[in-house]
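Quick mapping for you: the protein sequence lines, in order, are chains A and B. Count along the first sequence from 1, then add 1; that gives the number in the working numbering. Count along the second sequence from 1, then add 1; that gives the number in the working numbering. Even glycine gets a Cβ: it sits at the ideal position worked out from N, Cα and C. Here the structure is a predicted model, which is why all the values come from computation and not from measurement. Notes to accompany the following structure.
2 protein chains.
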Amino acid sequence: MDKKIEPSCPIPITDYPHILLAHGGGGKLMHQLLEKIILPSFDNPALNSRHDGAVLKMGQVRIAFTTDSYVVQPLFFPGGDIGSLAINGTVNDLAMCGAGPLYLSAGFILEEGFPMETLWRVVQSMKKAAQDAGVSLVTGDTKVVDRGKGDQIFINTAGIGLIKHDLNISPASVVPGDAIILSGDIGRHGMAIMSARENIGFESAIESDCAPLHEMVLKLLEEKIKIHCLRDLTRGGLAGGLVEIAETCNCRLEIDESRIKIREEVRSACELLGLDPFYVANEGRFIAFVPEADATRSIDILRQFDNGRESTVIGGVHESDAGLVVLKTIMGVGRIVDMMSGEQLPRIC
Amino acid sequence: MDKKIEPSCPIPITDYPHILLAHGGGGKLMHQLLEKIILPSFDNPALNSRHDGAVLKMGQVRIAFTTDSYVVQPLFFPGGDIGSLAINGTVNDLAMCGAGPLYLSAGFILEEGFPMETLWRVVQSMKKAAQDAGVSLVTGDTKVVDRGKGDQIFINTAGIGLIKHDLNISPASVVPGDAIILSGDIGRHGMAIMSARENIGFESAIESDCAPLHEMVLKLLEEKIKIHCLRDLTRGGLAGGLVEIAETCNCRLEIDESRIKIREEVRSACELLGLDPFYVANEGRFIAFVPEADATRSIDILRQFDNGRESTVIGGVHESDAGLVVLKTIMGVGRIVDMMSGEQLPRIC
Chain A
2 MDKKIEPSCP IPITDYPHIL LAHGGGGKLM HQLLEKIILP SFDNPALNSR
52 HDGAVLKMGQ VRIAFTTDSY VVQPLFFPGG DIGSLAINGT VNDLAMCGAG
102 PLYLSAGFIL EEGFPMETLW RVVQSMKKAA QDAGVSLVTG DTKVVDRGKG
152 DQIFINTAGI GLIKHDLNIS PASVVPGDAI ILSGDIGRHG MAIMSARENI
202 GFESAIESDC APLHEMVLKL LEEKIKIHCL RDLTRGGLAG GLVEIAETCN
252 CRLEIDESRI KIREEVRSAC ELLGLDPFYV ANEGRFIAFV PEADATRSID
302 ILRQFDNGRE STVIGGVHES DAGLVVLKTI MGVGRIVDMM SGEQLPRIC
Chain B
2 MDKKIEPSCP IPITDYPHIL LAHGGGGKLM HQLLEKIILP SFDNPALNSR
52 HDGAVLKMGQ VRIAFTTDSY VVQPLFFPGG DIGSLAINGT VNDLAMCGAG
102 PLYLSAGFIL EEGFPMETLW RVVQSMKKAA QDAGVSLVTG DTKVVDRGKG
152 DQIFINTAGI GLIKHDLNIS PASVVPGDAI ILSGDIGRHG MAIMSARENI
202 GFESAIESDC APLHEMVLKL LEEKIKIHCL RDLTRGGLAG GLVEIAETCN
252 CRLEIDESRI KIREEVRSAC ELLGLDPFYV ANEGRFIAFV PEADATRSID
302 ILRQFDNGRE STVIGGVHES DAGLVVLKTI MGVGRIVDMM SGEQLPRIC
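Spelled out as structure tokens, the structure:
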């Protein structure tokens, strides 16, 4: 049947005949997969916007719609577990569209032999996270695969939220003159997973920053901040998020290393493992692009929230012939920030 | 963290300490999982309706929202593949809510080493199925798991559709006096998978009935048929769908074996393998509960469609103290139809 559809796969088979872990890592290989296979096949404006979710018109209302699968290992880690991650991750993707999250779906893929008690713990964690975020899980599905054909539990959540403003919050809306705001310290989620996975006893325990972000975003909107773009810093970290936006808006994003907060225990754990914290995944951090004139007021609003107390302007957007990210290091040197080919830490979410 | 949440898992660990394949089979064990773990944890009216999707109010509009994960093996089978299944399955769940399907999400979980060319074929099949069903795939996610921790490819699709009528299409709306309509022959999807999986050369090739069903449903609605309930006959087959509805509406559903069409090649394949076609999964068949007075007109409408040409009334709904399904066999004997504990054929969708 499929023979008549399309000539052949556009990713050179000689380069990548098989899927690699890096194809799921939020870096260059994942982007190649998206650009060569997914986007051209399902070509439409919502998908092409390359945002965290799709913004859609349903009758008279505007909604956001998003999905993510969660395959994190281990299932439980300091500061969270696959259940809270599956709720907060999707809540945050809706928030990044400027939507108020309302309804979630859950699709479970369970491996035969998975302990019932562990499923119960995961579901209870989802329940608590959904209550905390004020969303309802309204529809679901459960599949079981044979032993050795899965890995304990995978969870997909999709979510829908209501958009009550008429801004176009999207990478394409970023313009020269915008300030770039970061909502707090970076690198904790990835390093919490690493410590749990490798059973590495770092000097101080590192907890994931996993948390819902929609209240901060909705408050910015309520206070009429003219948000141009939002991005939560999951796979690919701060660097991945910035590079992706720079490439879409075709601007030069300049950020100042000295303004980016990294906790001491995260910095030393990264040094120990040879990881760059700029690329480490977060699950409760986002960047906001707002007009320079709104920057101070935005910071004041974000700092009212426990999870936004360290919000700060980390840089700005400038005209450029091509999209790129420049980091002004603490030594005063400008360094171009590139995307990694994959994620430093596979199965981080 | 999870210690303070809930005392303990309500499924007796002594009975089922671990997830079995049957917990994903659409039968009794899956219902136990839903009733003991999922429904009480996320208690809300949309989820509790136990329908194929959730019916929700978003601002001024009514929408349907649904999700399904697809783990079928083999990936390609006569009449379809995991890609067309992932589109049509979710389109059909929206149709069963009486919604016009509009937007789909796709979450891919790929196993490291999965051939890029096969991914391309699956995506092209999804593209074609989405075009045929008139839906747009607007948002997505890709995860990669290590070799041996997945099984080639799992696909989750979630979907949203617009509801333009004010009927309450749901198992709870079924009442005595309703006619039960079946949209065609049964058992083909399951037996097509079996033939592909076991490489059994049945005398005649059996093709899956995989197809979108929304056009038939929307036409019934357009013609003002007062639909009480719809159900597509996937996992658990015709028997599973009927028993689930009977238990929710607390009525006796009587169906007539002689009116249920099973193709000769499906019947002999089932006999050969010792399977009951009433429990075999379909991917392009549904049952509709309509008032007796609307039955003939409904049949006339459905028969205008290629895929509805064999639509027929197979029975009716009667008062009862408890929900049950009675099959009048071709010998004239009444037999109570029960739900299986699992699916006869694991990983059928």
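query: Whole angstroms are fine: how far does the CA of B:P102 sit from the CA of B:E216?; result: 10 Å
query: Suppose you measure from the CA of B:E293 to the CA of B:E223; what does that come to, to the nearest Å?; result: 18 Å
query: Pairs of beta-carbons, one from the stretch 42-60 of chain A and one from the stretch 143-155 of chain B, closer than 8 Å: are there three or more?; result: no
query: Using a cut-off of 8 Å between C-beta atoms, extract the partners of A:H24 located in chain B.; result: L111, T143 and V145
query: Under 7 Å between C-beta atoms, does A:Y17 make it to chain B?; result: yes
query: Along chain A, in chain order, which residues have C-beta atoms closer than 7 Å to that of B:Q61?; result: G60, Q61 and V62
query: Three-state secondary structure (DSSP) at A:Y280?; result: helix
query: If you check the beta carbons only, do B:G241 and B:G84 fall under 7 Å apart?; result: no
query: Would you say A:S196 and A:R286 are within 7 Å of each other, going by their C-beta atoms?; result: no
query: Starting from the beta carbon of A:G108, find every residue of chain B whose beta carbon is closer than 7 Å, and list them in chain order.; result: T68, D69, S70 and N157
query: Report the rounded CA-to-CA distance for B:F66 versus A:E208, giving the unit in angstroms.; result: 34 Å
query: Let me see if you follow: with CB-CB separation under 7 Å, is B:A212 close to chain A or not?; result: no
query: Only counting runs of 3 or more residues, tell me where the beta strand (DSSP E) segments fall wholly within the stretch 254-325 of chain B, in order along the chain.; result: 287-292 and 313-319
query: Taking CB distances under 7 Å as the criterion, tell me whether B:I6 reaches chain A.; result: Reliability fails at B:I6, whose pLDDT of 45 lies under 50, so the model's placement of it is uncertain and no value is given.
query: Specify the secondary structure class of B:N157 as computed by DSSP and reduced to three states.; result: strand
query: Would you mind reading off the limits of the alpha helix (DSSP H) that contains B:D94?; result: I83 to A96
query: With DSSP collapsed to three states, give me the class of A:P13.; result: coil
query: From the DSSP output, read off the bridge partner residues of B:F109.; result: B:T143 and B:I156
query: Within the continuous alpha helix (DSSP H) that includes B:I194, where are the two ends?; result: R189 to R198
query: So, for A:L75: in the same chain, excluding its five sequence neighbours on each side, which residues have a beta-carbon less than 7 Å away from its beta-carbon?; result: According to the sequence displayed, residue 75 of chain A carries Pro and not Leu. The answer, listed in chain order, is A197 and R198.
query: Given a cut-off of 7 Å, decide if B:V175 and B:C250 are closer than it, judged by their beta-carbon atoms.; result: yes
query: What residues from the stretch 35-60 of chain A come within 8 Å of chain B, judged by C-beta to C-beta, listed N to C?; result: L35, I38, I39, S42, F43, N45, A47, L48, G54, A55, L57, M59 and G60
query: Can you tell me the Cα-Cα spacing of B:L163 and B:V62, whole angstroms?; result: 8 Å
query: Tell me, please, which residues DSSP counts as bridged to A:P102.; result: A:G162
query: Could you give the DSSP three-state label for B:I1: helix, strand or coil?; result: Outside the displayed range of chain B (2 to 350) lies residue 1 of chain B, so it cannot be described from this structure.
query: Can you tell me the Cβ-Cβ gap for A:D69 and B:G108, rounded? I've got them flagged as a contact below 8 Å.; result: 7 Å
query: Give me the Cα-Cα distance between B:D257 and B:N93, rounded to the nearest whole angstrom.; result: 25 Å
query: Quick one: is B:S137 buried, meaning 16 or more other Cβ sit within 10 Å of its Cβ, or exposed?; result: buried
query: Using 7 Å as the threshold, is the C-beta distance between A:R348 and A:V267 below it?; result: no
query: Cβ atoms of A:V145 and A:E118: under 7 Å apart, would you say?; result: no
query: Against chain B, with Cβ distances strictly below 7 Å, would A:T91 count as a contact?; result: no
query: What span of residues does the alpha helix (DSSP H) with A:T68 cover, start to end?; result: Careful: A:T68 lies outside any alpha helix (DSSP H), inside the beta strand (DSSP E) at V62 to Y71.
query: Checking contacts by CB at 7 Å: is A:C230 closer than that to chain B?; result: no
query: Between A:I226, A:K225 and A:L214, which has its C-alpha nearest A:R232's C-alpha?; result: A:L214
query: Find out if the Cβ-Cβ distance for the pair B:Y280, B:G335 is shorter than 7 Å.; result: no
query: Tell me where the beta strand (DSSP E) around A:R232 begins and ends.; result: C230 to D233
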